Structures are given as C-alpha cells and as structure tokens.
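Dropping the structure here:
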C-alpha cells in the first residue's frame with residue numbers, strides 16, 4: 002500500500018466482505034474486528050467518504066485530533082487505517098474494536114510485545130498515581146487530565162522540573178528566582194517549572210551581566226566617585242547638551258558681538274512669554290539658553306540660571322561639581338571639559354550595560370549562584386526527568402488506545418459507510434440535532450460556519466434547505482436543516498423554531514436563508530392551484546385597493562367642494578345620457594357573458610356526451626393536465642437528492658452518490674400526528690359558519706345544464 006491506496010496484490014488477498022443496499026448504492030458492513038483490520042484491502046472506490054473534517058462533528062474532537070496525525074484539520078483514509086492497525090496490534094482481541102467499549106481492561110492489552118508491555122506498565126502507573134493501583138481497567142476520563150496523573154510525581158518525562166523535583170531548599174529557592182526572572186514552562190502536573198532552555202538562558206545572561214557589573218572592581222576609572230558615580234553620571238547627562246550649548250554660544254558671541262541678542266533670546270521671544278501664565282515654567286522657557294552667554298564667561302551654578310533648568314543645575318553642582326572641584330558658584334569651560342573627561346570611561350561602560358531581567362537580582366546573589374555549581378545541579382534534575390520520557394509518552398498512548406477502543410468502530414461506520422444515517426440505529430456524526438418548526442421535526446441538520454459559502458455547493462444536493470441561526474445565551478451557531486416532507490407554504494426568512502442539539506440542549510432558531518427545491522410530490526400537485534388562487538387573490542386585493550382609493554379621492558374632492566359658499570355654488574346640470582357609450586359597455590358585458598356561457602356549455606355538453614363512469618376519468622385528466630408538469634419536474638428532482646454536496650460544503654470528501662429518495666426522505670422529516678389512542682372532539686365553538694355549498698353547486702349545475710340545453714336545441718334550429 003502506497004499513500005493509503007491499496008495495491009492490486011493487497012486487494013487480491015482474501016477477506017469476505019458483506020454489503021448492504023441503502024441510498025441507491027452498496028455500502029460495506031463493518032461488523033467485526035477482521036472487517037476493520039482489513040480496511041486497507043478494501044478498494045477505496047467502495048468507501049463512502051475519503052476525508053472528513055476534524056471539527057464540527059458530533060464526535061469526540063480529541064479522538065479526531067489523535068487520528069489526524071498531520072494536524073491539517075482533516076481525517077483521511079490512510080490516517081483512519083493507521084489508527085485501526087495501531088490499536089489492533091495492541092489488543093489481544095481485535096473484535097473489541099468493532100464492538101467498542103467505554104473501559105479498557107488491562108487484561109486485553111498484549112504483553113508479548115515491547116510496545117504492549119510498555120503501554121501496560123504506563124496504564125498501571127496512571128492508576129497508581131490516581132490512587133487506584135489495584136484496578137483492572139482504565140477509562141478515557143482517567144487519562145484525560147495530566148495534572149491528576151502527575152500530581153504526586155516529581156519526575157514525569159516532559160523535561161520540566163519544579164520546586165517539587167528536589168528536596169534541596171537552596172535549589173528550590175533558585176528555581177523560584179529563575180522563574181521570577183524569565184517566566185515558567187508548564188509542567189505536566191500543572192505547576193510552573195523550568196526547562197533546559199530557560200536554565201541555560203538564565204545562567205548565560207547572569208554571566209554576562211555579572212561580568213559587566215564587576216568590571217569596576219578591576220578598573221577604578223569606571224567609578225570616579227565610587228558608589229556615588231551612578232547618581233553623578235545621571236546628573237551630568239541631564240545637563241550635558243544644555244551646558245555644551247551654553248559654551249558654544251559664548252564662543253559665537255566672542256566671535257561676533259552682534260550675535261549676542263539673537264543667541265540670548267530675542268525681544269519677541271520674551272514678549273510672547275509675557276502674555277502667558279508663568280507660574281509653571283513653560284516649554285518655551287526651557288528652550289532658551291541655560292544662562293546669558295558672553296565672551297569668555299563661565300557658566301553660573303546658582304544665580305542667573307534659566308528657571309526651567311535651575312533644579313537640574315543644582316543637582317549637577319551638588320552631586321558632581323562639588324565632590325570633584327569643591328564648592329563653586331560658576332563653572333569654566335576648562336572645568337566642564339575636565340568633568341566630561343573624568344566621566345568618559347564611566348559613560349562608555351554604562352552604554353555597554355547588559356539589559357536582562359536577571360539584573361533585578363542583587364549582584365552578590367548572582368555571584369553566589371554562578372559560583373555554587375547550581376547550573377549543573379539543575380541540569381542533572383532535568384536529565385532525570387527526561388529519562389522517563391518514553392514511559393511518560395506511553396501514558397499518552399494509553400489515552401490513545403482507550404479512545405480508539407471506544408470510538409474507532411463508530412467512526413468507521415460513519416466514514417467508510419453511513420450505517421447509522423441510513424439504518425436509523427443512531428444519528429450520524431454529521432447530524433447536529435433536531436429542528437422543530439412549522440409543526441414538523443427535521444432530523445437532517447448539519448453545523449455550518451458560513452451559510453452563504455455553504456449554500457453555493459449545498460444547493461447542488463437538490464435538498465430544500467433552511468439555514469437557521471441558533472442562539473443559547475451568549476452561544477451562537479448556524480445550522481442547515483433539510484426539509485424533506487410536507488410543504489414550504491409557511492417557511493420564510495424570520496420564522497422562529499427551536500433546535501435541540503445532541504446533548505438535549507434547546508436553542509432559539511431563526512431562519513436566515515432558504516435554498517428552495519421541491520419537497521414532495523404532494524406539494525408539486527397542489528402548487529399550480531395554490532399559485533392560481535394566490536394570483537387571483539392578489540388581483541382582487543389590487544382591484545379592491547384601487548376602488549377604495551378612488552372612493553377616498555372622490556370623497557375628499559367632495560369635501561373640498563363643499564367649502565364654497567352657498568352663493569357661489571350652482572347646481573350642475575345633469576349630463577345627457579350617452580346612449581352610444583352605454584351601448585358599448587353592455588355589448589362588452591354581453592360578449593364576456595357569452596364567452597363564459599359558451600365555455601361552460603362546451604364543458605357541460607362534453608360531460609353530457611360521456612358515460613357516467615367516464616366523468617371521473619375526465620376530471621382526473623384535467624387535473625393531470627394542470628398538475629402533471631409540476632409533478633414530473635418535482636419527481637425528477639426528488640430522485641436526484643444527494644447527501645454528498647451538503648457534506649462536501651462542510652469539508653467532507655464524499656465518494657459516492659449518497660441519494661435521499663422519497664421514502665427515505667420522509668423518515669428525515671416527521672409531521673405532527675395525534676398520539677395513538679388519543680381522544681378527539683370535533684366540536685369547535687369558533688369554527689366558521691357552514692355555507693350551503695350544496696345548494697350553490699346545485700344552482701350552478703342547473704344553470705350550466707340550462708345553458709347547454711339552450712345551446713344544443715338552438716343549434717338544431719328549434
């Protein structure tokens with residue numbers, strides 16, 4: 002087998018397959034363990050599906066995730082075959098796969114292979130960790146929570162160590178400090194921990210930072226003022242640019258005295274400031290020179306300083322000038338250059354500072370960590386944890402086997418064949434629940450992400466689809482419900498119903514989109530008559546509306562006309578009787594009545610010429626003439642209803658024409674029926690009053706007979 006495709010040699014190997022007929026095609030029966038284990042020998046052209054999505058199904062998503070080995074969001078045939086082969090090789094009796102079981106008995110795991118023995122040991126370890134060391138079976142729930150399984154184990158094979166991984170208090174403290182600096186890696190037990198990457202990163206950064214921080218021990222020039230050097234350097238950097246600017250201005254004024262006014266602030270600058278509230282120094286003040294520039298003038302350190310810079314200059318004077326040069330009231334250009342020279346090495350060293358979260362630790366503590374050999378101790382703990390990786394990974398394999406035992410048989414019978422869907426034993430994995438709406442329940446409902454996109458392909462299924470938005474509290478989802486029986490007279494966008502999901506939860510459902518196709522032959526039969534009645538009703542409503550509007554307009558015109566004074570009002574002369582006009586009207590009415598009478602007479606004459614037993618045949622023929630084309634079109638379309646496009650629009654790869662014929666379709670939509678044995682009273686106090694329809698019919702028949710009689714005998718000249 003290559004890429005999951007059976008070779009000719011493999012298909013030639015003997016296995017007796019059994020098939021059942023449903024949906025218009027043969028589907029394989031997967032009733033036994035050998036049926037499942039030989040799936041790789043079954044021609045994939047006989048598979049009903051070759052791919053299904055791993056999300057949006059009524060199936061355990063974790064099981065689908067484990068089967069989907071390439072994690073592309075789809076379970077394909079080779080992945081399903083691989084899962085069955087893997088599980089079958091670990092079980093003593095592969096028949097369990099076909100039957101399924103909610104619990105994995107330890108005695109059913111093979112112990113004559115290395116994989117089986119390792120998995121069996123892991124299963125026992127899980128039960129021991131859960132406090133059930135003597136149990137003889139394990140469930141999916143037992144394997145789901147790694148936090149519970151590894152709650153009491155210091156080493157679990159994930160390469161992550163926690164404070165519980167050691168009894169050494171110093172190492173416990175170190176682990177906590179590293180986590181505080183660099184964050185944690187989640188351990189299988191749920192506690193924060195450290196992996197090899199974080200440990201190596203911490204000590205690498207600690208060495209770099211400690212190396213930088215200890216340079217002043219060997220280079221005294223890096224700290225001109227000892228421990229106070231950092232604060233002094235900060236005060237220097239705060240005024241460096243402004244003091245450099247001051248001495249440059251002094252040089253320019255010495256170069257040309259005419260530049261003094263421009264370099265020390267113009268009158269316009271001060272005039273603009275004078276109009277402002279200067280209780281708080283404005284940014285414009287800070288932009289002015291730090292002091293008034295003059296040729297060869299030293300910079301004042303107390304009096305004559307720009308108010309916006311007075312605090313920064315005071316800090317510079319107290320933290321740096323006074324310790325280096327003694328108490329001063331001003332600073333010469335030469336002294337300024339000397340101060341910068343004294344702090345040049347410190348400035349360069351500070352620029353090389355290593356930015357790392359490790360710096361939050363005190364330098365003596367870092368030196369202690371680096372000198373203690375703690376890195377090697379942590380590496381040893383991580384190595385001990387990793388040594389159990391194979392055993393711990395086998396715990397995941399226990400979960401895989403427990404899930405496969407429970408779910409693989411069900412999945413295969415909803416993938417290779419649609420047994421549950423066509424036999425009605427259970428709902429298929431793609432059936433999301435049941436929609437109740439319009440006095441019916443609809444069983445074929447699938448989840449949909451995008452109704453617009455889904456409907457483009459799903460419309461090819463020839464199914465009448467109602468897309469419903471379902472809401473339950475803050476939760477929302479969209480479904481597509483197939484309407485396969487009844488009619489569509491009361492189905493419209495905005496109609497509300499209730500949707501019950503597979504867990505029995507009820508959702509408010511509202512139709513948001515409809516894809517129309519024929520629903521039933523009965524609907525197609527009555528369709529033409531309903532359309533005629535609807536058209537006639539609309540025309541009558543339009544006629545009545547137009548006459549009502551005309552009457553209202555006439556009444557309004559009469560009210561306006563009555564507003565004239567009695568003196569101005571003159572009685573209008575009656576219009577002369579127009580004989581020609583009314584003669585034309587009467588002639589038209591006569592022609593219409595004549596045409597109707599002729600048609601009725603022809604019908605009645607034709608019926609009178611038939612024998613009594615031919616009357617039903619004639620009436621049936623007329624009905625067939627009217628409804629026949631609609632019924633024929635519906636019959637062809639109903640025979641083409643196909644489940645494939647509906648599922649393909651959700652990401653399936655359906656491999657056959659999964660038809661939904663008329664008898665099967667009626668089982669997917671249940672109409673409202675009274676319970677068997679229910680008592681029913683036909684007395685309705687609000688029923689419409691009965692009309693003498695028999696009398697009306699008798700009068701119509703008598704008139705028609707009379708017209709026919711007159712027509713026949715007048716035609717003979719009597």
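Numbering (the working numbering), first residue to last: 2 to 719. Glycine residues also receive a C-beta, built at the ideal position from the N, C-alpha and C atoms. Predicted model only: the values in this text are computed from it and were never measured.
Rounded to a whole number of angstroms, what is the C-alpha to C-alpha distance between residue i and residue j?
{"i": "residue 667", "j": "residue 485", "result": "6 Å"}
{"i": "residue 144", "j": "residue 86", "result": "21 Å"}
{"i": "residue 411", "j": "residue 401", "result": "15 Å"}
{"i": "residue 53", "j": "residue 79", "result": "12 Å"}
{"i": "residue 277", "j": "residue 216", "result": "51 Å"}
{"i": "residue 435", "j": "residue 557", "result": "57 Å"}
{"i": "residue 500", "j": "residue 383", "result": "52 Å"}
{"i": "residue 438", "j": "residue 57", "result": "23 Å"}
{"i": "residue 141", "j": "residue 415", "result": "21 Å"}
{"i": "residue 433", "j": "residue 482", "result": "10 Å"}
{"i": "residue 115", "j": "residue 91", "result": "10 Å"}
{"i": "residue 118", "j": "residue 127", "result": "14 Å"}
{"i": "residue 452", "j": "residue 163", "result": "49 Å"}
{"i": "residue 325", "j": "residue 229", "result": "12 Å"}
{"i": "residue 357", "j": "residue 206", "result": "7 Å"}
{"i": "residue 652", "j": "residue 496", "result": "28 Å"}
{"i": "residue 313", "j": "residue 275", "result": "24 Å"}
{"i": "residue 510", "j": "residue 466", "result": "14 Å"}
{"i": "residue 291", "j": "residue 213", "result": "35 Å"}
{"i": "residue 422", "j": "residue 70", "result": "27 Å"}
{"i": "residue 366", "j": "residue 348", "result": "26 Å"}
{"i": "residue 172", "j": "residue 187", "result": "18 Å"}
{"i": "residue 29", "j": "residue 18", "result": "7 Å"}
{"i": "residue 677", "j": "residue 671", "result": "15 Å"}
{"i": "residue 264", "j": "residue 258", "result": "10 Å"}
{"i": "residue 373", "j": "residue 227", "result": "28 Å"}
{"i": "residue 178", "j": "residue 160", "result": "19 Å"}
{"i": "residue 448", "j": "residue 550", "result": "50 Å"}
{"i": "residue 385", "j": "residue 110", "result": "28 Å"}
{"i": "residue 661", "j": "residue 493", "result": "24 Å"}
Compute the beta-carbon to beta-carbon distance between residue i and residue j, rounded to the nearest angstrom, for a pair I have assumed lies under 8 Å.
{"i": "residue 211", "j": "residue 368", "result": "6 Å"}
{"i": "residue 183", "j": "residue 199", "result": "5 Å"}
{"i": "residue 642", "j": "residue 464", "result": "6 Å"}
{"i": "residue 428", "j": "residue 104", "result": "In fact, because the Cβ distance is near 24 Å, the residues do not count as touching under 8 Å."}
{"i": "residue 106", "j": "residue 61", "result": "Not really, about 20 Å apart at Cβ, beyond 8 Å."}
Tell me whether residue i sits in a helix, a strand or coil according to DSSP, three-state version.
{"i": "residue 194", "result": "strand"}
{"i": "residue 112", "result": "coil"}
{"i": "residue 93", "result": "coil"}
{"i": "residue 301", "result": "strand"}
{"i": "residue 660", "result": "strand"}
{"i": "residue 52", "result": "strand"}
{"i": "residue 454", "result": "helix"}
{"i": "residue 347", "result": "helix"}
{"i": "residue 103", "result": "coil"}
{"i": "residue 442", "result": "strand"}
{"i": "residue 475", "result": "coil"}
{"i": "residue 518", "result": "coil"}
{"i": "residue 312", "result": "helix"}
{"i": "residue 327", "result": "coil"}
{"i": "residue 201", "result": "helix"}
Consider the C-beta atom of residue i and the heavy atoms of the ligand MG; say whether any pair is separated by less than 6 Å.
{"i": "residue 425", "result": "You won't find the ligand MG in this model; it holds no ligand whatsoever."}
Using a Cβ-Cβ cutoff of less than 6 Å, which residues in the same chain neighbour residue i once the five nearest sequence positions on both sides are dropped?
{"i": "residue 346", "result": "222, 223"}
{"i": "residue 1", "result": "Examination of residue 1 is not possible in this model, given that the chain is present from 2 through 719 alone."}
Taking all protein chains shown into account, decide if residue i is buried (16 or more other Cβ within 10 angstroms of its Cβ) or exposed.
{"i": "residue 455", "result": "buried"}
{"i": "residue 646", "result": "buried"}
{"i": "residue 491", "result": "exposed"}
{"i": "residue 157", "result": "buried"}
{"i": "residue 225", "result": "buried"}
{"i": "residue 20", "result": "exposed"}
{"i": "residue 135", "result": "exposed"}
{"i": "residue 567", "result": "Below a pLDDT of 50, predicted positions are generally treated as unreliable, and residue 567, at 46, falls in that range; no measurement from the model is reported."}
{"i": "residue 370", "result": "buried"}
{"i": "residue 444", "result": "buried"}
Might you give, ordered along the chain, the residues of its own chain that have their beta carbon closer than 8 Å to the beta carbon of residue i, omitting 5 neighbours on each side?
{"i": "residue 413", "result": "31, 37, 40, 81, 85"}
Residues in its own chain within less than 7 Å of residue i by CB, not counting five upstream and five downstream?
{"i": "residue 321", "result": "233, 236, 237, 340"}
{"i": "residue 344", "result": "225, 234, 237"}
{"i": "residue 167", "result": "173, 382"}
{"i": "residue 458", "result": "646, 649, 650"}
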